[in-house]
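Participant: Position in the sequence shown (first residue = 1) + 1183 = this note's numbering.
Beta carbons: idealized from backbone N, C-alpha and C, even for Gly.
First the structure, which I've put down as structure tokens, then a few questions once you've had a look.
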Amino acid sequence: MNQEATDFILASRAAVSQAGALAVHYSFSIIGAIVILIIGWLLAGLLHRWAHRGLRSVHGIDETLAGFFSNLIRYLILILVFITVLGQFGVQTASIIAALGAAGLAIGLALQGTLQNIAAGIMLLVLRPFRVGEYIETSSVSGTVQEIGLFATELRTADGLYRLAPNSTLWNTPVTNYSREKARRHDLSIVLDVKDDLQDAERKLHELARQVPNVEASPAPHTFIADLTDTKVTLTLRYWAGTRHWDETTRAVRRAVKRAFYQQPEDAPARP
């Protein structure tokens, strides 16, 4: 009985000694983990703000893109801090990194379409084939750009409808931007009788082109014969108009041509 009591006492002392050693060891690990977490959290926030300010100061970098990359840097640092904290407690971080890599690969395959839209959104924000407020047209969508996001672009159609286009559909197809250049060309053709005075018609077209506001003086408007038959002559007026006022300018030119060439004189007898 005395031997059993002695063994129990010795085992208890060994357990207490081992527990004390483990407590001392893990207390330092816990303190080190807390310190790493605090420093890592502060460093992640500091680098996030620096990256955001730095990217915003770069010409051509969109606010959305600056926020995306700065947040990406912050989360990468936090992941590294988390792995370092686990290493403080003796966890094999190599297996964790391998598991994270496998999980990232699986998520990438599952979200392949979404990641494709993100990549396209980054390219659109960096290269800027169009900006907010510009009117664009592709083979599948057209409208005025309202917002360019990482996943999709919001547009408003000419008839006032809301349209959401995935970025991959805008990046993988030719885009016509009607608002990017300062001026646009327009051709207006009229059909004359072959016996009509061609020089007089050209003079009238040049005069009315100069009188309509927002018609560009350079390149100067000019006329040319676009088609010719035995009985008809197709005369074309080619001019450039400011992009911001292109619609109203072309309509004004059409009205002026209508009055100059097709308006029935007031004293002419009415047709029966």
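What three-state label does DSSP hand Ala-1443 in the structure shown?
Facilitator: Taking the first residue of the sequence shown as 1, we reach residue 1443 at position 260. Ala-1443 falls in the helix class under three-state DSSP.
Participant: Taking only three categories from DSSP, how would you classify Arg-1434?
Facilitator: Here residue 1434 refers to the residue found at position 251 of the sequence shown. Note: Arg-1434 maps to helix in three-state DSSP.
Participant: According to DSSP, simplified to helix, strand and coil, what is Lys-1415?
Facilitator: On the sequence shown, residue 1415 is found 232 positions in, with the first residue counted as 1. Strand.
Participant: Thinking C-alpha only, which one of Leu-1375, Glu-1399, Thr-1419 is nearest Thr-1412?
Facilitator: Here residue 1412 is taken as the residue at index 229 of the sequence shown, counted from 1. Residue Leu-1375 is the option with its Cα nearest to Thr-1412.
Participant: Would you kindly work out how many angstroms separate the C-alpha atoms of Ile-1214 and Gly-1223, rounded to a whole number?
Facilitator: Locating residue 1214 in the sequence shown gives position 31, where the first residue counts as 1. Locating residue 1223 in the sequence shown gives position 40, where the first residue counts as 1. Whole-angstrom Cα-Cα distance: 14 Å.
Participant: From what residue to what residue does the beta strand (DSSP E) around Glu-1330 run?
Facilitator: Position 147 of the sequence shown holds residue 1330. Glu-1330 -> beta strand (DSSP E) spans 1325–1331.
Participant: Which of the three DSSP states, helix, strand or coil, is assigned to Ala-1384?
Facilitator: One-based indexing of the sequence shown puts residue 1384 at position 201. Reduced to three states, the DSSP call for Ala-1384 is helix.
Participant: Hey, Leu-1333 and Arg-1346: beta-carbon distance below 8 Å or not?
Facilitator: In the sequence shown, counting from the first residue as 1, residue 1333 sits at position 150. In the sequence shown, counting from the first residue as 1, residue 1346 sits at position 163. No, the Cβ-Cβ distance between Leu-1333 and Arg-1346 is not below 8 Å.
Participant: Under 8 Å Cβ to Cβ from Leu-1391, same chain only, skipping five residues before and after it: list those, please.
Facilitator: Numbered from 1 along the sequence shown, position 208 holds the residue referred to as residue 1391. Taken in chain order, the residues that qualify are Val-1436, Ala-1439, Val-1440, Ala-1443.
Participant: Are Leu-1230 and Ile-1266 closer than 8 Å when you measure CB to CB?
Facilitator: If you number the sequence shown from 1, residue 1230 lands on position 47. If you number the sequence shown from 1, residue 1266 lands on position 83. Not closer than 8 Å, so no.
Participant: Please report the residue range of the alpha helix (DSSP H) in which Leu-1353 lies.
Facilitator: Within the sequence shown, numbered from 1, the residue matching residue 1353 stands at position 170. Run containing Leu-1353: 1350–1354, per the alpha helix (DSSP H) assignment.
Participant: Taking 8 Å as the threshold, find out whether the segment 1354–1365 comes into contact with the segment 1305–1319 through three or more Cβ pairs.
Facilitator: Judged by Cβ distances under 8 Å, the segment 1354–1365 makes contact with the segment 1305–1319, as three or more pairs qualify.
Participant: Please state whether DSSP places Arg-1311 in a helix, a strand or coil.
Facilitator: To locate residue 1311, count along the sequence shown from 1; it is residue 128. Correct three-state label for Arg-1311: coil.
Participant: Could you say which of Ser-1372, Val-1324, Leu-1344 lies nearest to Ser-1351 if we only look at CA atoms?
Facilitator: Counted from its first residue, the sequence shown places residue 1351 at position 168. Per the Cα distances, Val-1324.
Participant: State the DSSP-derived secondary structure class of Tyr-1422, mapped to helix, strand or coil.
Facilitator: Position 239 of the sequence shown, counted from the first residue, corresponds to residue 1422. DSSP places Tyr-1422 in strand when its eight states are reduced to three.
Participant: From what residue to what residue does the beta strand (DSSP E) around Val-1374 run?
Facilitator: Along the sequence shown, one-based indexing puts residue 1374 at 191. Per DSSP, Val-1374 belongs to the beta strand (DSSP E) from 1366–1376.
Participant: DSSP on Arg-1339, reduced to helix/strand/coil?
Facilitator: Sequence index remark: in the sequence shown, residue 1339 carries index 156 (1-based). Three-state result, Arg-1339: strand.
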